[in-house]
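Written below as structure tokens is the structure these notes are about.
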Amino acid sequence: MSDVKPRVRIPKSAKKGDVVEIKSLIEHKMETGQRKGKDGKKIPRKIINRFECKFNGNLVFASDWHPAVSAYPYLAFHFRAEESGEFEFKWIEDGGAEYTKKAKLKVS
Amino acid sequence: MTETQLTLSRRQALKGVSAFALTLVAAGLLAPGAHADAAAVDAAIKKLVKGTPEEGKIKLDLPQIAENGNTVPVAFEVDSPMSKDDYVKTVHLFAEGNPSPEVASFHFTPQSGMARASTRMRMAGTQNVVVVAEMSNGKVYMAKQQVKVTIGGCGG
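For the protein sequence lines, the chains are A and B, in the order given.
Take our numbering: the final residue in the first sequence is number 222, and no numbers are missing along the way.
Take our numbering: the final residue in the second sequence is number 158, and no numbers are missing along the way.
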């Protein structure tokens, strides 16, 4: 699925101890499995069922999703900046496909 | 004469009432298959969370009226120092009137800094949104709020 596009917005830099907001969105239809196609058959479920955020390799935040999460799922959460490093964001789709995005944070 | 008429009308009235009651029973029997309800949410909470939820600690940020049930903004914040030995572990989000009660779970760590998150959810119709927070010390808190939905978001 080449039309699935992950996006993340974080501040480029932060002061040590600051709590920064991380905004994420992935362009994904989040097919619920409840909808019927033109042929009257149910369209099979295909959603992002898990989101993970790692910082310097450590899992710092995660979220499990059900079909009730809207299409183009948006999620904002927070992170306490202690040292410079790199975030790795991962979205996992039904069936196991993964979409990732990285972002650097400079802490002074 | 007047009395007969009265009796008749009373009988008719009673018939009407019982027919209405039957309809209610039938609707009640059919409903659980189509949508979750408060009991389904309670069952889902019991499955995911140990302990009895208390009120408090959770601040919800939900619209009172949502025009589009396909994408309703939801945000919550749990009061916690988010330190190594006192933090919010997991927050679960439930909907009482959707085809299934679970919406999402959010797993925090002390590194989160604050136990706040916002997202967008689908809502089939006017219903209660329930948020349950599990703390690192095993305590459980719960908050509930109704959202009126103009156009449902689970259309098939």
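All residues carry an ideal CB built from backbone N, CA and C; glycine is no exception.
Quantities reported herein were computed from a predicted structural model and do not represent experimental measurements.
Asked: Out of curiosity, what's the CA-to-CA distance linking B:ASP63 and B:ALA97?; Found: 15 Å
Asked: Would you check if the segment 123–137 of chain B and the segment 86–106 of chain B touch, i.e. whether three or more CB-CB distances between them fall below 8 Å?; Found: yes
Asked: Roughly how many angstroms lie between the CA atoms of A:SER184 and B:GLN129, to the nearest whole one?; Found: 16 Å
Asked: Based on the DSSP output, what are the partners of A:GLU145 in its beta bridges?; Found: A:LYS160
Asked: Which residues in the same chain as A:LYS216 place their Cβ atom closer than 7 Å to its Cβ, once the five residues preceding and following it in sequence are excluded?; Found: GLU200, PHE201, GLU202
Asked: Work out the CA separation of A:LEU219 and A:LYS90 for me, nearest whole Å.; Found: There is simply no residue 90 of chain A to check, as chain A begins at 115 and stops at 222 in what is shown.
Asked: For B:GLN1, does the count of other Cβ atoms within 10 angstroms reach 16, so buried, or fall short, so exposed?; Found: Outside the displayed span of chain B (3 to 158) sits residue 1 of chain B, for which this structure offers no information.
Asked: Shorter than 8 Å from the beta carbon of A:LEU219 to some beta carbon of chain B?; Found: no
Asked: Mind checking if B:MET137 is an interface residue toward chain A, Cβ cutoff 8 Å exclusive?; Found: no
Asked: For the alpha helix (DSSP H) that contains B:ALA45, what are its first and last residues?; Found: 40–50
Asked: Mind checking B:ILE153: buried by the 16 CB within 10 Å criterion, or exposed?; Found: exposed
Asked: Who are the Cβ neighbours of A:GLU197 in its own chain at under 7 Å, not counting the five residues just before and after it?; Found: VAL221
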